[in-house]
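Asks: Per our numbering, the sequence shown starts with residue 899, numbered consecutively.
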Amino acid sequence: MLTVTAAADDPLEIDADLLVVPVFKGGIEGPGTAAVLAALGMPALPVTPDFRGDIGQHLVLAAPGLRVAAVVLVGLGRMDATDAERLRRAAGVAARAAAGVERVATTLAQVHAGASAVQAVAEGFALGAYGDRRFKGNDDGEASRLRSVVVLGPSGLLEEARAALARAAVYARATILARDLVNLPPGHKRPPALAAAVRDAVGGACEVTVKDEHDLAREGFGGLLAVGRGSTAPPRLVELRYRPPNPLGSVVLVGKGITFDSGGLSLKRGTAMATMKSDMAGAAVVAAVCSALADLGIRLEVTGLLAVAENLPGADAQRPDDVVRIHGGTTVEVRNTDAEGRLVLADALHYGAALRPDAMVDVATLTGSAVTAVGQLAAAAMGNDDELLDALEDAADVAGESLWPLPLWPDLERLLDTPVADMNNTGEGAGGGAIIAGLFLRRFVGDVAWAHLDIAGPAFLPDKLAGHYLPAGGTGFGVRTLLAWLERRAE
C-alpha cells in the first residue's frame, strides 16, 4: 500500500516527482501555491475554463527550475466551505493525477491546522491510488505507480501529524480490505471460500469461529440454511471476537454476506444480476473493521457476525410460500426469495442480541428502496435508539460518509402480518421497502440498542459516480464510519 509520511521541508526544495498544492475557487492560492507560482515565473494563477479551483478539478504545470518534474494545482472549492472531506477528495483527485509517478509531496494539509486535516489528506491519497488488478493478465499501463507521499507541514506539528498518519494508514488499509473482498469475482468467494479469506485476513487480530452447515442446522440458523439451499456451496456464519484487556463495553457488528444474489427462484433480471457479487459488502465491512481494532487500540469488546450464503435457484432452493424458522424460533413466510438478506440477518441479529451487547449495528446491501430514498452515494440509517443513531451520524460526518435517517413507521408493521406464520419477509404492496425491511429486522434485536445501515447504494459504484478517492466497484463504504464510531465510543 502507499506510504505516507510527514516532513517540514520547503516545498521548493523537496525531492519528489510531483508537488501538489491547493487552489480555492476563484483562483485564490492556498498554502505554498503563491511561492511555487513565483518560482515558476508565473505572475498570476492560471485560470482556465476547465480549472477555476472547484472541488474535483486539477491542473498540471511543468516545473522548470524546481526539483520536481511537475506541479499539480488541485481545487478545493470555496475557501469558507473547506473541511476535512474536501481535503480528502482533493487528495484523491491528486492521487489519480499522480498515477504515472512514484513520489509526491503536498502542502494540502496546511489548509487546516491539526490532525484531522493530515488524516484526511493521507486517506485521500491512499484510497485515491487504489486499483484492483488481481485478475489482469498483463500490465496495460493503467495501474498507479504512486508509492510515496510526503505531507508537508510545520516542524512543531510533526509529532501530531505522524500520529494522524498512523491512524489514516489503519483506516485506509481496512477500507481497501473491504474493497478487495467485494471486488472478488463471485466464483472466488463462495461461502466456504469467503469464510477462509476472512480468516486469513482477520485471524491475526481476532478470534475466528466458522459455523458450517452442520453447526447451523444443529443451532437453528434456519434463515441462512434456507437461503443457501439452492447452492452447492453451503452457508457459513463467521464469528469474529476482539477482546482487549479491561474493555469499556461491548458491541456486536452484523454483516450481510450474500456472495452472489441471483434472486433465487424469484429470479432477478439479467441486468440486475450484473453487480450482485457486491451483495456481501456488509460482511466485508464488518470483517475490515474487525481487522483494524487492535491497531487502533479500541477498548471495547467487539463481536463481528458475518452471515454468508449464496442465493441461487438450484433444485433444492427455497420456494415462495415456504416457511422458515429463524434462530430463536420465529417463523417467516417467504413470499419472495429475492428478499433473502433479511432472512440471514435475522439469524445473526437474534444470535448477536443473545450476547447482550451494549449496542448492535448491522450493515447490509439490503434494498433498492434505500437507493430510491437517499441516492447511490449515501446510506439509509434506521434503528431503535436515537442516541446510537446520532453517534453514527456524527462518526459518518467525521469519515466523510453520508448517512440519512429513515423512520420505522409503526403503521407499516402490519404489512409483515400473515395468517401462515409469525410474519412474512416482504410486506409488499405499500412502498417504503427500506423501512419495511428495517421493521422486519427490528423484531430480532429484542431490547438491545440497535441500528441498521442500508448501504445498497454506496457499497458499489458505477463508473459515472466514481471520482476523487471513490473507485468504480467496491468502495468500502461504512468501514471508516464504524471505526470512527468505535474510537469515539471507547474514549
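Backbone N, C-alpha and C fix where the C-beta goes; we use that ideal spot for every residue, glycine too.
Given the structure is predicted, the values throughout are model-derived calculations rather than measurements.
Could you say which of Val1136, Val1106, Arg1240, Val1261 lies nearest to Gly1180 if we only look at CA atoms?
Replies: Val1261
Asks: Is Val921 near His1366, with beta carbons less than 8 angstroms apart?
Replies: no
Asks: If we call anything under 8 angstroms between Cβ atoms a contact, is Ala1207 one with Val1232?
Replies: Contact check for Ala1207 against Val1232 fails: the beta carbons are separated by 8 angstroms or more.
Asks: Return the first residue and the last residue of the alpha helix (DSSP H) that Ser1053 is part of.
Replies: Note, Ser1053: premise wrong, no alpha helix (DSSP H); not H, not E.
Asks: Does the contact criterion of 3 or more C-beta pairs under 8 angstroms hold for the stretch 1343-1353 versus the stretch 1249-1266?
Replies: With a cut-off of 8 angstroms, the stretch 1249-1266 and the stretch 1343-1353 count as touching, because enough Cβ pairs lie within range.
Asks: Gly1153 bridges to which residues according to DSSP?
Replies: DSSP lists Leu1204, Val1261 as partners of Gly1153.
Asks: Assign Glu1299 to one of three DSSP states: helix, strand, or coil.
Replies: coil
Asks: Can you tell me which of the three DSSP states Tyr1140 falls into?
Replies: Tyr1140: strand per DSSP, three-state reduction.
Asks: Check whether the stretch 1185-1198 and the stretch 1096-1112 are in contact - that is, three or more C-beta pairs closer than 8 angstroms.
Replies: yes
Asks: Pick helix, strand or coil for Leu1287, following the three-state DSSP scheme.
Replies: helix
Asks: Okay, do the stretch 1070-1079 and the stretch 1187-1197 touch, 3+ Cβ pairs below 8 angstroms being the bar?
Replies: yes
Asks: For Met899, tell me which candidate among Gly928, Ala1115, Gly1029 has the shortest Cα-Cα distance.
Replies: Gly1029
Asks: Name the two residues that bound the continuous beta strand (DSSP E) containing Glu1105.
Replies: 1105-1109
Asks: Identify, in the order they occur along the chain, each residue of the same chain with its Cβ nearer than 6 angstroms to the Cβ of Lys1087, setting aside the five sequence neighbours on each side.
Replies: Thr1157
Asks: Are the beta-carbon atoms of Arg1134 and Val1108 separated by less than 8 angstroms?
Replies: yes
Asks: I need the boundaries of the alpha helix (DSSP H) containing Val1100, first residue and last residue.
Replies: Element bounds for Val1100: 1089-1100.
Asks: Can you tell me whether Arg1387 is helix, strand or coil according to DSSP?
Replies: helix
Asks: In angstroms with no decimal places, state the Cα-to-Cα distance between Ala1064 and Leu1381.
Replies: 14 angstroms
Asks: For a quick check, are the C-beta atoms of Ala1018 and Ala979 less than 8 angstroms apart?
Replies: no
Asks: Going by the beta-carbon positions, is the gap between Ala993 and Val972 smaller than 8 angstroms?
Replies: no
Asks: So the candidates are Ala961, Asp1256, Thr931, Gly1026; which of them puts its Cα closest to the Cα of Pro1369?
Replies: Gly1026
Asks: Does the distance from the C-beta atom of Pro1132 to that of Glu1111 stay below 8 angstroms?
Replies: yes
Asks: Between Gly1155, Arg1254, Leu1163, which lies nearest to Asp1220 when the distance is taken from Cα to Cα?
Replies: Leu1163
Asks: Which residue comes first and which comes last in the beta strand (DSSP E) that contains His1248?
Replies: Counted as a single uninterrupted DSSP element, the stretch harbouring His1248 is not any beta strand (DSSP E) but the alpha helix (DSSP H) occupying residues 1239-1251.
Asks: Determine the extent of the beta strand (DSSP E) in which Ala1278 is found, giving its start and end residues.
Replies: 1276-1281
Asks: How far does the beta strand (DSSP E) with Phe1338 in it extend, from its first residue to its last?
Replies: Run containing Phe1338: none in the beta strand (DSSP E); it sits in the alpha helix (DSSP H), 1331-1340.
Asks: Could you spell out the range, first to last residue, of the alpha helix (DSSP H) harbouring Gly1035?
Replies: Premise fails: Gly1035 is in no alpha helix (DSSP H) and is neither H nor E.
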